[in-house]
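Read the structure below first, then the notes.
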Ligand SMILES: NC(=O)c1ccc[n+]([C@@H]2O[C@H](COP(=O)([O-])OP(=O)(O)OC[C@H]3O[C@@H](n4cnc5c(N)ncnc54)[C@H](OP(=O)(O)O)[C@@H]3O)[C@@H](O)[C@H]2O)c1
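Residue numbers (my numbering): 11 to 312.
As structure tokens, this is what we get:
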């Protein structure tokens, strides 16, 4: 299903409606406006829509009018139950349109919402904003989307006003899977960074000075991820980037130094526990990427 085929909306194929104008929804609407798209907005509390009207958006009288205004309807509310409760009374208006849901949720919720939309004759793309609100509208703002490839293609131009919009595949559940997985990457990186800032702070190093050095180190880290992804797919773990045992020894140095400086050991302790489990699984002499096998088989649960 494509919007071009159905031709719904008052303002042509590049018109978009944004429903839910909180921190993220407001930035979404502003990015669509900046991209030159006719943008209709609706929010439960009207003042937020009025503020966007001053920037060129068209405020809709009610949520049904917002849906009816455009072939592409973007919704951004706190959770899926709120989306369902809001859209259910106007579901018939969705027919022939594409609903893009940028509300955070679970894979199961995305699958159910896609089925609900299909039951009302609407296309559906589930999505997640991965770069906070500040970058929205810039090329480096990552948005992951999944659902019908045809619906994505039909609205790619409008959606690309938001930033780097990546279509992950036809399964609507993929977007929330990536959402949580990418959050895991961010938190792993930030946890290491915060620990390191505390550690270099004991030597009088300013966080901003350290961050500059980290920035220069990250291309190497990225190259490891690319190479290790290949190793994990191949199921072969050469020791080029250090074995589990080598990394465990390095982690012991970090733990020892952290203890000596009197800072917390929570973060390196977490990684040390993982390396201990990997070694117990018989991976001590394998390349460090083999820890993914220890994680994948489960065992420790918080
Ligand atoms: N903010 C971020 O950095 C960020 C980044 C990535 C993803 N997200 C996700 O984006 C979604 C929205 O986040 P946000 O930060 O924009 O939230 P927010 O600032 O708290 O805004 C929530 C919006 O939802 C509306 N709303 C709440 N309950 C409603 C209901 N029952 N019926 C109708 N409207 C309702 C609110 O309307 P009122 O104005 O009337 O209260 C408001 O416009 C969340 O799922 C969040 O996880 C946010």
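Think of the CB as a built atom: it goes at the ideal place given N, C-alpha and C, for glycine as much as any other residue.
Predicted model, so just to flag it, every value in this text is computed and none were measured.
Taking residue 66 as reference, the option from 229, 50, 35, 308 with the minimal CA-CA separation is 50. From the listed residues 252, 162, 276, 35, the smallest Cα separation to residue 144 is found for 35.
Counting along the chain, residue 203 sits inside the alpha helix (DSSP H) bounded by residues 184-211. With respect to residue 41, residue 172 sits close: the two C-beta atoms are nearer than 8 angstroms. The beta carbon of residue 104 lies closer than 8 angstroms to those of 77, 83, 97, 127, 130, 131, 132 in the same chain, with the five residues before and after it left out. DSSP, reduced to helix, strand and coil, places residue 175 within a strand of the structure shown.
Under DSSP, residue 109 takes part in a beta bridge, and its partners are 83, 134.
With a cutoff of 7 angstroms, residue 44 does not count as near ligand 1, since its C-beta is closer than that to no heavy atom of the ligand. By the beta-carbon neighbour count (other beta carbons within 10 angstroms, threshold 16), residue 307 is exposed. Looking from the CA of residue 303, the closest CA among 280, 25, 205, 254 belongs to 254.
Secondary-structure assignment with DSSP links residue 155 through a beta bridge to 137, 177. Short of 7 angstroms from the beta carbon of residue 39, and not among the five residues preceding or following it, lie these beta carbons of its own chain, in chain order: 28, 31, 49, 51, 62, 67. One Cα belongs to residue 230, the other to residue 265, and the distance between them is close to 23 angstroms.
Collapsing the DSSP output to three states places residue 68 in a strand. Scanning 102, 114, 70, 74 for the CA closest to the CA of residue 88 turns up 114.
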